Amino acid sequence: MISVTCVAPVNIALIKYWGKRHEDLILPINDSISMTLSTDELCAKTTVTASETFEQNRMWLNGDEVPFEEGSRLTRCLKEVHRLALANGSQKVSPSWKIHIASVNNFPTAAGLASSAAGYACLVYSLARLYDIPLSEELTTVARQGSGSACRSLYGGFVQWHRGALDNGSDSVAKQIASSKHWPNMHVLILVVNDERKKTASTKGMQQAVKTSQLIRHRADKVVPERIAQLTDAIEKRDFQTFAEITMKDSNQFHAIALDTYPPCVYMNDVSHKIASFVHSYNEIMGSLHAAYTFDAGPNACLYVLEENVPELLDAVQKVFPSDSMDSGTYLRGLSVPKVDSTPK
Ligand code: DP6
151 MISVTCVAPV NIALIKYWGK RHEDLILPIN DSISMTLSTD ELCAKTTVTA
201 SETFEQNRMW LNGDEVPFEE GSRLTRCLKE VHRLALANGS QKVSPSWKIH
251 IASVNNFPTA AGLASSAAGY ACLVYSLARL YDIPLSEELT TVARQGSGSA
301 CRSLYGGFVQ WHRGALDNGS DSVAKQIASS KHWPNMHVLI LVVNDERKKT
351 ASTKGMQQAV KTSQLIRHRA DKVVPERIAQ LTDAIEKRDF QTFAEITMKD
401 SNQFHAIALD TYPPCVYMND VSHKIASFVH SYNEIMGSLH AAYTFDAGPN
451 ACLYVLEENV PELLDAVQKV FPSDSMDSGT YLRGLSVPKV DSTPK
């Protein structure tokens, strides 16, 4: 019997992935950029065990067993890892041995806090360790087939997922733009507005958007390529003003597309909108951009802020949003500094 345990952090998109051109291979219609949080904060922890005595593959998520169905994303990831193991000549574990997987998240699952990103990144990385497969861009194509955003969590710091052009998806890979060491005073403050499961899962929401939104093509073809270039440059120059502006604009455009979907997908709630207005007023009072918000497919806010501005922002947030004004009661979930290459470990 051989066992491996790994931890993988969530990543929060600055330029959002929204829309697929291939459902099964999970090929996106646009590039995206994210920042991976530190492994001390929002994480998935996965143990994979292989044994010749196991009769079937089994998986538990947060203690509940989930089916290992033929054709599922889970099965696809396992098959892909087996393919890489074979290609690498790895002999540590026989691919004929069945495996048991136990995964837990230390934060609410499917509440728009990138749980599937951390979960599949952790699963694929743990399997890779089990079969002795090194971390590579090719491995990101496997994580991508579990959940698109998961491919970005295989690297720490700032990461770009390239949409790629090939039909087989071999060039739809994640690459690191800069490690977290490059911008060590970048922090993220997460305000947990509501920790319930989201109403429309991302997979379904983006499918509907591709089918019905008239704005989504304009975003994918015209807006995102320009923003990717500008944000990469801002990250390279540690230019917080440009970084903040693009991040907020992209979050707003993503939610505009969610609303342009028919029937509309409403992910932000009243508190989320109040947080966005608060950030704009706060920045105006400060005389320059001191904080940037982004919202994924849920109401919770991620605020980017430089270390030197954290105490002031935290103070203002606590005054304007006392914790009992949030549905969850505990609005402050975590304050993260991305650590040196916080890749799964
Ligand atoms: C809003 O990666 O969860 O968080 O590929 O269908 O599993 P699937 O979707 P998923 O979508 C994440 C969407 C997002 C934006 C982002 O992380 O880029």
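Mapping of the sequence shown onto my numbering: position 70 corresponds to residue 220, and the numbering continues sequentially without gaps.
Even for Gly, the Cβ is constructed at its ideal location relative to N, Cα and C.
Predicted model only: the values in this text are computed from it and were never measured.
Unbroken beta strand (DSSP E) run spanning residue i, endpoints
i      : result
Pro159 : 152-159
Gly185 : A small fix is needed here, since residue 185 is Met in this sequence, not Gly. Its beta strand (DSSP E) spans residues 182-186.
Lys325 : 324-328
Phe309 : Residue 309 is actually Val in this sequence, not Phe. 308-311 is the extent of the beta strand (DSSP E) around Val309.
Neighbour-count burial assignment, residue i, 16 or more Cβ in a 10 Å radius
i      : result
Tyr412 : exposed
Phe393 : buried
Glu230 : buried
Ile435 : exposed
Glu386 : exposed
Ala379 : exposed
Asn180 : buried
Asn161 : buried
Met398 : buried
His405 : buried
Leu289 : buried
Leu273 : buried
Gln241 : exposed
Met185 : buried
Ser363 : buried
Selection from the options that minimises the alpha carbon distance to residue i
i      : options                        : result
Phe257 : Tyr167, Ala278, Cys193         : Cys193
Ala271 : Leu228, Met356, Asp465         : Leu228
Val429 : Val373, Glu230, Leu453         : Leu453
Pro245 : Ser253, Ile251, Leu285, Arg233 : Arg233
Asp383 : Gln364, Leu456, Phe308, Gly221 : Phe308
Val323 : Asn335, Lys399, Gly298, Ile366 : Gly298
Val374 : Gly169, Val154, Leu236, Met151 : Gly169
Val360 : Ser153, Lys349, Cys415         : Cys415
Thr350 : Gly448, Val421, Val455         : Gly448
His337 : Thr290, Thr186, Ser438, Glu457 : Glu457
Cys156 : Gln403, Ser188, Arg313, Val198 : Val198
Ile251 : Met209, Leu277, Phe390         : Met209
Ala451 : Val292, Asn419, Ala466, Val460 : Asn419
Lys372 : Leu285, Ala300, Asp400         : Asp400
Thr559 : Leu463, Val243, Ser253, Val292 : Examination of residue 559 is not possible in this model, given that the chain is present from 151 through 495 alone.
Ile183 : Ile249, Gln310, Arg377         : Gln310
Ala158 : Arg302, Ser240, Pro284         : Arg302
Ser330 : Asn207, Asn402, Leu187         : Leu187
Trp333 : Ala466, Glu191, Val455, Ser438 : Val455
Gln357 : Ala300, Asp410, Leu285, Asn238 : Asp410
Assigned secondary structure, residue i (DSSP; H/G/I helix, E/B strand, else coil)
i      : result
Phe257 : coil
Ser222 : coil
Thr104 : Residue 104 lies beyond the residue range present for the chain, which begins at 151 and ends at 495; the question has no answer from this structure.
Tyr454 : strand
Leu228 : helix
Asp400 : helix
Leu175 : coil
Val373 : helix
Arg208 : strand
Ile249 : strand
Lys331 : helix
Gln364 : coil
Ile340 : strand
Cys301 : helix
Tyr270 : helix
Glu215 : strand
Asp443 : Note on identity: in this sequence residue 443 is Tyr, with Asp being the wrong assignment. Note: Tyr443 maps to strand in three-state DSSP.
Lys387 : helix
Leu164 : strand
Thr411 : coil
Lys170 : strand
Ala194 : strand
Gly239 : coil
Ile378 : helix
Leu277 : helix
Ala315 : coil
Gly355 : helix
Terminal residues of the alpha helix (DSSP H) in which residue i lies
i      : result
Thr432 : According to the sequence as given, residue 432 is Tyr; it is not Thr. Note, Tyr432: alpha helix (DSSP H), 420-436.
Thr350 : That residue, Thr350, is in no alpha helix (DSSP H); it is neither H nor E in DSSP.
Val511 : Examination of residue 511 is not possible in this model, given that the chain is present from 151 through 495 alone.
Ala466 : 460-470
Minimum Cβ-Cβ distance from residue i to chain C less than 7 Å
i      : result
Gln326 : Absent from the structure is chain C; it holds one protein chain and no more.
Sufficient close CB pairs (3 or more, under 8 Å) joining the segment 172-183 to the segment 306-325 = Verdict: yes, contact present.
Take every Cβ of the segment 203-216, pair it with every Cβ of the segment 154-167, and state whether three or more of those distances are shorter than 8 Å.
-> Fewer than three Cβ pairs drawn from the segment 203-216 and the segment 154-167 lie within less than 8 Å of each other, which leaves the two stretches out of contact.
Determine contact between the segment 442-452 and the segment 340-356, defined as no fewer than three beta-carbon pairs at a distance below 8 Å.
-> Yes, since at least three Cβ pairs between the segment 442-452 and the segment 340-356 fall closer than 8 Å, the two stretches touch.
Are the segment 325-336 and the segment 344-360 in contact at 8 Å, needing three or more beta carbon pairs?
-> By the criterion of at least three beta-carbon pairs nearer than 8 Å, the segment 325-336 is not in contact with the segment 344-360.
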